[in-house]
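As structure tokens, the structure follows; a few thoughts come after it.
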Amino acid sequence: MVKKIVFIATAFIGLIILLVIMNYSGHPYEDEQVFDNTPEIEGQPTTGETDAPLTIVEFGDFMCPACYAWGEEIYPQIQKDFIDKGEAQFTYINTPFHGMPSETGALAAESVFSKAPEDYWDFHHGLFDEQDSENHHSNWLTDEVISDMVETHTSLNADDVLSDIKDEAHRAEIDYDEQMISEYGVGLTPTIFINNVKIQDPFDYDEIKETIDNELDN
Ligand code: CA
Numbered sequence: 001m002v003k004k005i006v007f008i009a010t011a012f013i014g015l016i017i018l019l020v021i022m023n024y025s026g027h028p029y030e031d032e033q034v035f036d037n038t039p040e041i042e043g044q045p046t047t048g049e050t051d052a053p054l055t056i057v058e059f060g061d062f063m064c065p066a067c068y069a070w071g072e073e074i075y076p077q078i079q080k081d082f083i084d085k086g087e088a089q090f091t092y093i094n095t096p097f098h099g100m101p102s103e104t105g106a107l108a109a110e111s112v113f114s115k116a117p118e119d120y121w122d123f124h125h126g127l128f129d130e131q132d133s134e135n136h137h138s139n140w141l142t143d144e145v146i147s148d149m150v151e152t153h154t155s156l157n158a159d160d161v162l163s164d165i166k167d168e169a170h171r172a173e174i175d176y177d178e179q180m181i182s183e184y185g186v187g188l189t190p191t192i193f194i195n196n197v198k199i200q201d202p203f204d205y206d207e208i209k210e211t212i213d214n215e216l217d218n
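Mapping of the sequence shown onto our numbering: position 135 corresponds to residue 135, and the numbering continues sequentially without gaps.
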């Protein structure tokens, strides 16, 4: 009788283990959220080969210290391993979570992108570099800084960008980005998507790399 119970219990445990293994092999993602579609990148600043098989999207905010850190620590690895090799394109969606200065940064970025798309990424990285690393709550994103970044990194006249901000000339683009934020349940910045997969920890390069490899294999 005892032997029979042990046999049944062993068989039952074996079955559970088998089911768990089958489940993992069928679904490579444990904690990542998988959406029906990759966020739409049409009309958004995008870098990399347009025919790259993979799309990486950052929902970011110029006022967000973690976004600056991500751009310094993680983005260069993604760029070297995948974007430069033509395997991924990278898109940035404005996610202005820190009030007025975030909105100002987003409006400035949309203005530069619309007027001089070829200068967009220099402006983008230049503006992030202006973050105040000593005081994360300082309002560093001023008209003066924007003016300076436009003059340094673009062929544009700074006054044209400043008047776009004042007139909220690109409000529609910000509204569209906010629609994406809500559609993709973005609650933190940076939030990173690899195709339609939302990364659990944007600072875990192993997770990012594993997800990219999975997506490239599919
Ligand atoms: Ca946008």
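The beta carbon of each residue, even a glycine, is placed where N, CA and C say it ideally should be.
Burial state of residue i, where buried means 16 or more other Cβ atoms lie within 10 Å
i: residue 137; result: exposed
i: residue 36; result: exposed
i: residue 131; result: buried
i: residue 172; result: exposed
i: residue 57; result: buried
i: residue 76; result: exposed
i: residue 85; result: exposed
i: residue 179; result: exposed
i: residue 135; result: exposed
i: residue 32; result: buried
i: residue 218; result: exposed
Residue i: CB within 6 angstroms of a non-hydrogen atom of ligand 2
i: residue 119; result: Looking for ligand 2 in the displayed structure turns up nothing; the ligands present are ligand 1.
Residues near residue i by beta carbon distance below 6 angstroms, same chain, minus five either side
i: residue 150; result: 156, 158, 161
i: residue 38; result: 55, 195, 196
i: residue 25; result: Because the pLDDT at residue 25 is just 44, under 50, the model does not fix this residue reliably, and the value given afterwards should be weighed accordingly. Here the set comprises nothing.
Cβ-based neighbour list, residue i, same chain, cut-off 7 angstroms, excluding 5 preceding and 5 following
i: residue 216; result: 53, 54, 87
i: residue 104; result: 141, 165
i: residue 111; result: 161, 164, 165, 169, 170
i: residue 68; result: 128, 131
Closer than 6 angstroms: residue i CB and nearest ligand 1 heavy atom
i: residue 77; result: no
i: residue 87; result: no
i: residue 196; result: no
i: residue 177; result: yes
i: residue 58; result: no
i: residue 139; result: no
i: residue 168; result: no
i: residue 200; result: no
i: residue 173; result: yes
Cα-Cα separation, residue i to residue j
i: residue 101; j: residue 63; result: 7 angstroms
i: residue 70; j: residue 167; result: 31 angstroms
i: residue 188; j: residue 181; result: 10 angstroms
i: residue 46; j: residue 106; result: 15 angstroms
i: residue 92; j: residue 177; result: 10 angstroms
i: residue 96; j: residue 61; result: 5 angstroms
i: residue 66; j: residue 128; result: 11 angstroms
i: residue 163; j: residue 116; result: 16 angstroms
i: residue 133; j: residue 139; result: 12 angstroms
i: residue 123; j: residue 109; result: 8 angstroms
i: residue 42; j: residue 50; result: 11 angstroms
i: residue 152; j: residue 29; result: 43 angstroms
i: residue 74; j: residue 113; result: 23 angstroms
Cut-off 8 angstroms between Cβ atoms - residues of its own chain near residue i, not counting five sequence neighbours on either side
i: residue 184; result: 35, 39, 59, 191, 193, 198
i: residue 121; result: 45, 47
i: residue 89; result: 41, 46, 47, 48, 49, 50, 52, 54, 55, 56, 83
task: Write down every uninterrupted run of the alpha helix (DSSP H) in the stretch 103 to 153 whose length is 4 residues or greater and which is fully enclosed by it, in chain order.
output: 120 to 129, 143 to 153
field: beta strand (DSSP E) runs contained entirely in the stretch 25 to 64, provided each spans 3 or more residues
entry: 54 to 60
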